[in-house]
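At position 142 of the sequence shown the residue is numbered 142 (the UniProt record's numbering), and the sequence of numbers has no breaks. A short write-up of the structure that comes next.
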Amino acid sequence: MPETWVSLSRMFAPHEIAERTPQSRKGHLTFGTANNPYKYTPACLDAWAAVLRTVLGSRFVFLRPEGGVESFRANARAAFARRDVDPDRLDFIGVRGDHMRHYNEIDIALDTLPHVGGTTTCEALWMGVPTVSLIGPGFAERLSCSNLSNAGLGDLAVRSVADYVAKAAELAADPARRAALRAGARAQIAANPLGQPARFTKNFYDLARKVASQ
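Structure representation (structure tokens):
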């Protein structure tokens, strides 16, 4: 595909975006993930912990069904403690099915690595939550980069772990940008390829005809 591999519209999810950021409501910044735990590699946990050590006073929330399981919570706490992060800075939302509204509890999503999100990145963007992602060489390491670039947020996809941590810290220190992204998230998506289904459909059929003619 010449642009995006997926397209979003109002039919994607009807959930409303909370007007105020979690930080403005709670007094602290919240990083988070809704990605599947099989993507939580040691390198991923290292990067997340580095972000929390850099952004003092921030918290991290796991938005996962497993968040309601004590063994998952214990393992997560132990993993962060080994990386010099106070496990009391972790929160867990154990929800199945109706999880979209809980993105309103996340200020900044931190992507998994090296296997990044796809659907979860789209969900976060749709709910006005910017995602910081690391670009790798493989297809499964570039899905979020495509989502972000095709939503006009390509600067949030970076090429090194050091830049990943720095970008997360930069975004954490820019509440004005985060508030603007939240307020204008769906309009921005609609103004870019990620939010233009007709454009996606034309690109798909044009490519299908090209392949069929060869």
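Ideal Cβ placement from N, Cα and C applies to all residues, glycine included.
Helix, strand or coil: how does DSSP classify residue i here?
i           : result
A81         : helix
T33         : strand
residue 216 : The requested residue 216 is not part of the displayed model; the chain covers only 1 to 214.
D206        : helix
N192        : coil
D174        : coil
G184        : helix
E16         : coil
T201        : helix
S9          : coil
Q23         : helix
V55         : coil
G68         : helix
Using the DSSP secondary-structure output, state which residues sit across from residue i in a beta bridge.
i    : result
A157 : S133
L90  : F60
Y40  : L113
Thinking residue i and residue j are a contact (beta carbons under 8 Å), I'd like their distance in whole angstroms, please.
i           : j    : result
A151        : L125 : 5 Å
N35         : G117 : 5 Å
L153        : P175 : With a Cβ gap of about 17 Å, L153 and P175 do not count as contacting.
P197        : S24  : That belief does not hold up - the Cβ atoms of P197 and S24 are roughly 33 Å apart, past 8 Å.
S58         : T30  : 7 Å
R89         : F60  : 6 Å
residue 216 : L134 : Residue 216 is absent from the model: the chain starts at 1 and stops at 214.
P193        : R199 : 6 Å
Three or more C-beta pairs under 8 Å: does that hold for the region 91–104 against the region 60–71?
When C-beta atoms of the region 91–104 are compared with those of the region 60–71, three or more pairs fall below 8 Å, so the two segments count as touching.
Contiguous alpha helix (DSSP H) assignments of at least 4 residues, all confined to the region 96–150:
Correct list: 119–126, 143–149.
Touch check for the region 155–166 and the region 193–212: three-plus C-beta pairs under 8 Å?
No, the region 155–166 does not touch the region 193–212.
Does the region 104–118 touch the region 70–80, meaning 3 or more C-beta pairs lie closer than 8 Å?
Fewer than three beta-carbon pairs drawn from the region 70–80 and the region 104–118 are found closer than 8 Å, and the two stretches are therefore not classed as touching.
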